[in-house]
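The numbering of the sequence shown is the numbering used here, which starts it at 17 and goes up by one.
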Amino acid sequence: MKKLLIVDDNEQNLYLLQVLLTANGFQTEQATNGAEALEKARRAPPDMIVSDILMPVMDGYALCRSWKEDKDLKNIPFVFYTATYTESKDEEFALSLGADRFIVKPSSPDKFLALLLETEKDYEAGKPVSAFQLVQDAEYYKEYNAAIIRKLEDKMLQLEEANRILEHDIAKRKEAEEKQKNLEEQLRQSQKLEAIGQLSSGVAHDFNNLLGGILGNAELLKMHLNPGSPLLRQSEIIISLCQKASNLTRQLLSFARKAPVELTNIDLNLFIREVADLLDRTIDHCIEISIDTLEQPAFISGDRNLLENAILNIAINARDAMPDGGRLHITLEIPSLNRAALPEEPLEIKWGSFVKISIADTGIGMDKKTKDRIFEPFFTTKEIGKGTGLGLASVYGCVKQHNGYIAVESQEGKGTKFDLYFPIVSSDDPVASPKAEMLLRGNGTLLVIDDEPVFHEILTNIFTSLGYTVHCCANGADALEYYHEHSSAIKVVILDMNMPKMNGLHCFRNLKKINPDVQVIVTSGYGDNSDHESLRKEGVSTFVQKPYKATELSVKIAELIK
Numbered sequence: 017m018k019k020l021l022i023v024d025d026n027e028q029n030l031y032l033l034q035v036l037l038t039a040n041g042f043q044t045e046q047a048t049n050g051a052e053a054l055e056k057a058r059r060a061p062p063d064m065i066v067s068d069i070l071m072p073v074m075d076g077y078a079l080c081r082s083w084k085e086d087k088d089l090k091n092i093p094f095v096f097y098t099a100t101y102t103e104s105k106d107e108e109f110a111l112s113l114g115a116d117r118f119i120v121k122p123s124s125p126d127k128f129l130a131l132l133l134e135t136e137k138d139y140e141a142g143k144p145v146s147a148f149q150l151v152q153d154a155e156y157y158k159e160y161n162a163a164i165i166r167k168l169e170d171k172m173l174q175l176e177e178a179n180r181i182l183e184h185d186i187a188k189r190k191e192a193e194e195k196q197k198n199l200e201e202q203l204r205q206s207q208k209l210e211a212i213g214q215l216s217s218g219v220a221h222d223f224n225n226l227l228g229g230i231l232g233n234a235e236l237l238k239m240h241l242n243p244g245s246p247l248l249r250q251s252e253i254i255i256s257l258c259q260k261a262s263n264l265t266r267q268l269l270s271f272a273r274k275a276p277v278e279l280t281n282i283d284l285n286l287f288i289r290e291v292a293d294l295l296d297r298t299i300d301h302c303i304e305i306s307i308d309t310l311e312q313p314a315f316i317s318g319d320r321n322l323l324e325n326a327i328l329n330i331a332i333n334a335r336d337a338m339p340d341g342g343r344l345h346i347t348l349e350i351p352s353l354n355r356a357a358l359p360e361e362p363l364e365i366k367w368g369s370f371v372k373i374s375i376a377d378t379g380i381g382m383d384k385k386t387k388d389r390i391f392e393p394f395f396t397t398k399e400i401g402k403g404t405g406l407g408l409a410s411v412y413g414c415v416k417q418h419n420g421y422i423a424v425e426s427q428e429g430k431g432t433k434f435d436l437y438f439p440i441v442s443s444d445d446p447v448a449s450p451k452a453e454m455l456l457r458g459n460g461t462l463l464v465i466d467d468e469p470v471f472h473e474i475l476t477n478i479f480t481s482l483g484y485t486v487h488c489c490a491n492g493a494d495a496l497e498y499y500h501e502h503s504s505a506i507k508v509v510i511l512d513m514n515m516p517k518m519n520g521l522h523c524f525r526n527l528k529k530i531n532p533d534v535q536v537i538v539t540s541g542y543g544d545n546s547d548h549e550s551l552r553k554e555g556v557s558t559f560v561q562k563p564y565k566a567t568e569l570s571v572k573i574a575e576l577i578k
């Protein structure tokens, strides 16, 4: 087994050569510079040396000259194996120093081994592999300096290229880290808003149940008053205030993405013009309102009231940010929407064709701390009594509920811009005409399933007076037992979704098992439309959001019985 001394300051190169040579029957010794190689060779001479050129302490050229001047080492073959070969003068200089081979990296393993074996065979056959005369010192240093300069220049070029690649990699890594940081912040903010949304929807649900009791009793009182009664006006005021309070809970549910929606296909060009007209009539005249609509039609599937309230809430905030007047500009645009087009990549957006509504003002703007919190419910920068902190929270929920995305740009003193992205649909559908508000009489048995006793009393009193027979159950188990015995007589079931022991969904599915054609009106203080859609597919007839008016419920019942 032949022993080779391999010399290279690159540990990876040493390792690769060691693996290659060992696998092919060679024994190896390693050194990381010329001085170390000379010391090891003088202690235990190898059968051959393979050396790089550019190394610290003593480079390959100096090592080769010293090697060939040493009486004990000069007859041992010396092979250069280098990646910094630039021109023929380098090889000429190496051979003039006594090198037996000059192999340029990268060289295939087979070729590299063949050259080593050829050098070994020549040496064993007694052939003088290199016939050289030692170069005079002056000439040596001249050639040596020229060769080293060429090598260093080449190394510098390689280093510059490596630096360019490294700078590019660092920039990409920083970009990736920044993107990761943004995504983590989005996730944190999303989780925070989700938690607040859960809390808000729970509060809204309980509040809607209370409002339902107040509204129902006020309507019941109104029904029993004579037309000339002085209490008639008071009952109407109570009903009106309940509806206003219901709008507040609707905003909470909108933030939590659980507001009931009535989807129609909306022509945004027409819609923005109508909203601008409304703003012209309601916003201070010192604020100039302008719009830019699209030349082509643009339709989205949405709830007109929710979207109108969203834009009005943004406009009201813009008005408050421009106490001395300014400009409010609403623009419609169909952007080339991709990840690079957004200030930060949204977590939940479904990529496709979108239309963008931009609402920009020239107001006082916001700092980053305020901007980061504007969508939180009850967060407000306004004085006590001048804002609920629900306006922008409901905007956020409205956009998310429409499968959209909202982006905000703002700087102190430079105004604010809201960009609302909504998925485009292909065409418009007719909008359902509003129904007249009146109590409709009827007959037959109604089954009310609700865990709140106040609704039992209200619905029994109201619908008994309208000609119905009303039976009430406080939980799903009792209701199923009653329905099983009286299903043929029951015309409509009024079912609350949120009950203990057995929830509305479980109860409904069991009602369907008893009678596949059962007519069910689902009521809820939450109003989660995702549940509505799944229930509709399972056969629920219709939905009514608490607090509901008796007129609304009577119309729904009459439609089902008819």
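Cβ coordinates follow ideal geometry from the N, Cα and C atoms, glycine included. Model, not experiment: these values are computed from the prediction.
Find out if the Cβ-Cβ distance for the pair residue i, residue j is shorter than 9 angstroms.
| i | j | result |
| --- | --- | --- |
| D466 | L527 | no |
| I230 | P563 | yes |
| L436 | V415 | yes |
| I316 | T347 | no |
| N91 | M71 | no |
| T432 | T461 | no |
| L463 | I506 | yes |
| Q312 | I350 | yes |
| T98 | I65 | no |
| I305 | I373 | no |
| N514 | S550 | no |
| L284 | V371 | yes |
Any idea what DSSP makes of residue i, helix, strand or coil?
| i | result |
| --- | --- |
| E568 | helix |
| R335 | helix |
| Y97 | strand |
| M64 | strand |
| L241 | coil |
| V534 | coil |
| K195 | helix |
| S426 | strand |
| I577 | helix |
| G407 | helix |
| D1 | This structure cannot speak to residue 1, because the chain is shown only from 17 to 578. |
| V415 | helix |
| D444 | Low local confidence applies: a pLDDT of 49 at D444 is under 50, so the model's placement there is unreliable, and no value is given. |
| Q312 | coil |
| L496 | helix |
| S112 | helix |
| D106 | helix |
| A154 | The pLDDT assigned to A154 is 46, lower than 50, so where the model puts this residue is not dependable, and the model offers no usable value. |
| F223 | helix |
| P450 | Confidence is the limiting factor: at P450 the pLDDT is only 42, short of 50, which leaves the residue's position unreliable and the question unanswerable from this model. |
| F391 | coil |
| S251 | helix |
For the alpha helix (DSSP H) containing residue i, list its first residue and its last residue.
| i | result |
| --- | --- |
| Q34 | E27 to A39 |
| F471 | P469 to S481 |
| I530 | G520 to I530 |
| R59 | G50 to R59 |
| R81 | G76 to E85 |
| L129 | P125 to E140 |
| K517 | Taken as a continuous stretch (DSSP letters only), K517 belongs to no alpha helix (DSSP H), as it is neither H nor E. |
| K387 | K384 to K387 |
In the DSSP output, what is residue i paired with across the bridge?
| i | result |
| --- | --- |
| Y421 | Y437 |
| K188 | Answer is none; K188 lacks a bridge partner. |
| C488 | V464 |
| L344 | I305 and D377 |
| S540 | Q561 |
| E45 | L21 |
| K372 | E349 and Y437 |
| V509 | L463 and V536 |
| R117 | V95 |
| T432 | D377 and S426 |
Going by DSSP, what residue range makes up the beta strand (DSSP E) through residue i?
| i | result |
| --- | --- |
| T280 | T280 to D283 |
| R457 | Note, R457: premise wrong, no beta strand (DSSP E); not H, not E. |
| S317 | F315 to G318 |
If residue i sits next to residue j, beta carbons under 8 angstroms apart, how far is it from one beta carbon to the other, in whole angstroms?
| i | j | result |
| --- | --- | --- |
| F434 | I375 | 5 angstroms |
| S262 | A234 | Not really, about 13 angstroms apart at Cβ, beyond 8 angstroms. |
| E568 | V560 | 6 angstroms |
| A51 | V73 | 5 angstroms |
| I537 | H500 | So it is not a contact: roughly 20 angstroms between Cβ atoms. |
Between residue i and chain D, is any beta-carbon pair separated by less than 9 angstroms?
| i | result |
| --- | --- |
| S251 | Absent here is chain D; the protein component of the structure consists of one chain. |
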